[in-house]
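Asks: Numbering (this note's numbering), first residue to last: 3 to 214.
Just dropping this structure here.
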């Protein structure tokens, strides 16, 4: 009987953990737990960043939708001003977290020429990046030279050079549009966890005639 009891004690002792094993296991469990917590936090932050990006793009898209149904002549910087993070009332990405969104709106690619030539126009009110319109189409839609079009070869800050020969030559009353409309570039900006984020969308607003 004593032999049986000893064997049972040995068996029970074999099924347990030694102090050394416990001391080794605790740091491993701590590291695994920390990794799991870090993964959950990272996933939560990533989810919030993605949600903010989607919301910001939806805000930009809503501007385009408003412009698309608005009168073409009313699609101007004065009618669609930019929004800063300090604008009142604010534009929110998330009301609960007081996460605000700034919207920078640039409406370009149209205007009235200051002067013209057989192969281009000059608009001193423009502020373009060099050659940003290269390969696009210049249409003369009003004033002298109306109805003509040509492909843009290059551009400076305020002039366009085309591959065509305009006749009659554009003058100071010539209205023009690049690609037949107004190019709208919207950049949404916001902050999250102390970092700056932004999303850019560009679209062309076409003149479909009066809406009202």
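For every residue, glycine included, the Cβ atom is placed at its ideal position computed from N, Cα and C.
Between which two residues does the beta strand (DSSP E) holding residue 151 run?
Replies: Here the beta strand (DSSP E) through residue 151 covers 151 to 157.
Asks: Between which two residues does the beta strand (DSSP E) carrying residue 110 extend?
Replies: Unbroken beta strand (DSSP E) run through residue 110: 101 to 110.
Asks: Just checking, does the region 157 to 174 make contact with the region 191 to 205 on the three C-beta pairs under 8 Å criterion?
Replies: The region 157 to 174, when compared against the region 191 to 205, does not touch it at the 8 Å Cβ threshold.
Asks: Run through the DSSP bridge pairs and tell me what residue 201 is partnered with.
Replies: Residue 201 pairs with 190.
Asks: Please classify residue 135 as buried or exposed, where buried requires at least 16 other C-beta atoms within 10 Å of its C-beta.
Replies: Buried, by the Cβ-count rule.
Asks: Measure the alpha-carbon distance for residue 200 versus residue 103 and round it to whole angstroms.
Replies: Rounded to the nearest angstrom, the two C-alpha atoms are 9 Å apart.
Asks: Would you check if the distance between the CB atom of residue 105 and the CB atom of residue 93 is smaller than 8 Å?
Replies: A contact, by the Cβ cut-off of 8 Å.
Asks: Thinking C-alpha only, which one of 206, 168, 84 is nearest residue 186?
Replies: Among 206, 168, 84, the Cα nearest to that of residue 186 is on 206.
Asks: To which residues does DSSP link residue 162 through a beta bridge?
Replies: 123, 157.
Asks: With distance defined between alpha-carbon atoms, name the residue in 156, 140, 63, 118 nearest to residue 150.
Replies: Nearest of 156, 140, 63, 118 to residue 150, Cα basis: 140.
Asks: Tell me, which residues are paired with residue 113 by DSSP?
Replies: Paired residue(s): 178.
Asks: Here's the rule: buried if 16 or more other CB atoms are within 10 angstroms of the residue's CB, otherwise exposed. What is residue 61?
Replies: Per the 10 Å Cβ criterion, buried.
Asks: Checking 8 Å against the spacing of the C-beta atoms, do residue 123 and residue 155 come in under that value?
Replies: Against a cut-off of 8 Å, the Cβ pair of residue 155 and residue 123 comes out as no contact.
Asks: For residue 157, tell me which candidate among 137, 100, 86 has the shortest Cα-Cα distance.
Replies: Ranking 137, 100, 86 by Cα distance to residue 157 puts 137 first.
Asks: Could you check which residue in 208, 203, 210 has the C-alpha nearest to that of residue 56?
Replies: Taking only the C-alpha atoms, the option nearest residue 56 is 203.
Asks: Report the option in 24, 142, 146, 87 whose CA atom is closest to the CA atom of residue 180.
Replies: Cα-wise, what sits closest to residue 180 is 142.
Asks: Measure the C-alpha to C-alpha separation of residue 209 and residue 39 and round it to an integer number of angstroms.
Replies: Answer to the nearest angstrom: the Cα atoms are 54 Å apart.
Asks: In the DSSP assignment, find the beta strand (DSSP E) that holds residue 144 and state where it starts and stops.
Replies: 139 to 144 is the span of the beta strand (DSSP E), which, as asked, contains residue 144.
Asks: Check the C-beta distance from residue 109 over to residue 79 and give it rounded, since I have them as a contact under 8 Å.
Replies: Yes, residue 109 and residue 79 are in contact; Cβ-Cβ is about 6 Å, under 8 Å.
Asks: Can you look up residue 59 in the DSSP assignment and give me helix, strand or coil?
Replies: In the structure shown, residue 59 sits in a helix (DSSP, three-state: H, G or I).
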